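Chains A and B, in that order, are what the protein sequence lines are. Numbering of the first sequence is given in the numbering used here, commencing with residue 49 and proceeding in unit increments. Numbering of the second sequence is given in the numbering used here, commencing with residue 100 and proceeding in unit increments. Just so it is clear, CB atoms sit at the ideal spot from N, CA and C, and this is done for glycine as well. Note that the structure is predicted; figures quoted are calculated from it, not measured.
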Amino acid sequence: GQSLEQPSEVTAVEGAIVQINCTYQTSGFYGLSWYQQHDGGAPTFLSYNALDGLEETGRFSSFLSRSDSYGYLLLQELQMKDSASYFCAVKNQAGTALIFGKGTTLSVSS
Amino acid sequence: DTGVSQNPRHKITKRGQNVTFRCDPISEHNRLYWYRQTLGQGPEFLTYFQNEAQLEKSRLLSDRFSAERPKGSFSTLEIQRTEQGDSAMYLCASSPGTSYEQYFGPGTRLTVT
Chain A
49 GQSLEQPSEV TAVEGAIVQI NCTYQTSGFY GLSWYQQHDG GAPTFLSYNA LDGLEETGRF
109 SSFLSRSDSY GYLLLQELQM KDSASYFCAV KNQAGTALIF GKGTTLSVSS
Chain B
100 DTGVSQNPRH KITKRGQNVT FRCDPISEHN RLYWYRQTLG QGPEFLTYFQ NEAQLEKSRL
160 LSDRFSAERP KGSFSTLEIQ RTEQGDSAMY LCASSPGTSY EQYFGPGTRL TVT
């Protein structure tokens, strides 16, 4: 089956850099995705890694190491609006639906 | 592109009642997913449609739950004989083809009293 582990909480100050780690176990791997969810809001897609390495999208970057079954989301130049929950996700065995981790709550303070 | 919409946004019902939720996906998306999310957890997959065909159902989807997607457009999720454990946010998502990105709606928050 599929399972993902990520820290439950991370705190940081504005302007800082934070890394949210995710380790996964899957019986078939179709890539690692990251989603952001503000309180009361819908999950929104941030990034996707199918191959090893770093993908950069503005202030956010995501890294994948398939040999280690590990990835991370890197958030730079943190802003208050980045306070949210961040979920890593992999596709299920059928390669259709997403299996999410329990999420990491990021709190950014001034 | 108006995004994924869901109705109602909130539903309070008494235990034992039936409820139905609606999801309107992004119009050109042929894949539609239902998830359930409880406080402090990530979304959990319930069921998946490709066009009008329901291709996958999670073990979470007990026989009290039924979902449809007539004509491959909007979808409905019905819960019969609701239980307090059904209280959760019910999220709908859609995606085009084999895209890795899923677009989520705002969800329907169900409270069973």
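Within a Cβ cutoff of 6 Å, which residues of the same chain sit near B:Tyr147, ignoring the five residues on either side of it in sequence?
For the purposes of this step, residue 147 of chain B is taken as residue 48 along the second sequence, with counting starting at 1. Closer than 6 Å at Cβ, skipping near neighbours: Tyr132, Leu154, Glu155.
For the beta strand (DSSP E) containing B:His109, name the first residue and the last one.
As a first step, residue 109 of chain B is located in the second sequence; it is residue number 10 there, counting from the start. It spans 109-112 - the beta strand (DSSP E) in which B:His109 sits, taken as one unbroken run.
Strand pairing of B:Tyr147, partner residues [DSSP]
Translated into the one-based positions of the second sequence, residue 147 of chain B becomes position 48. DSSP output for B:Tyr147 lists B:Tyr132, B:Glu155 as bridge partner(s).
Mind pulling the chain B residues with CB within less than 9 Å of A:Tyr120?
Here residue 120 of chain A corresponds to residue number 72 of the first sequence, with the count starting at 1. None at all; the shortest Cβ gap to chain B is about 17 Å.
My output table needs one value for B:Gln116: the three-state DSSP class, helix, strand or coil.
Mapped onto the second sequence, residue 116 of chain B falls at position 17. Coil at B:Gln116, not helix or strand.
A:Phe135: contacting residues in chain B (beta-carbon distance under 7 Å):
Position 87 of the first sequence, counted from the start, is the residue given in the question as residue 135 of chain A. The answer, in chain order, is Gly141.
Within the 8 Å Cβ cut-off, does B:Leu209 reach chain A?
The count along the second sequence starts at 1 and reaches residue 209 of chain B at position 110. No, its Cβ sits nowhere closer than 8 Å to a Cβ of chain A.
With 8 Å set as the bound, which would you pick, yes or no: does the beta-carbon of B:Leu176 sit closer than that to a beta-carbon of chain A?
Position 77 of the second sequence, counted from the first residue, corresponds to residue 176 of chain B. False, the Cβ-Cβ gap to chain A never drops below 8 Å.
Inspect the beta-carbon positions of A:Glu125 and A:Arg107 and report whether they are closer than 8 Å.
Translated into the one-based positions of the first sequence, residue 125 of chain A becomes position 77. Translated into the one-based positions of the first sequence, residue 107 of chain A becomes position 59. Against a cut-off of 8 Å, the Cβ pair of A:Arg107 and A:Glu125 comes out as a contact.
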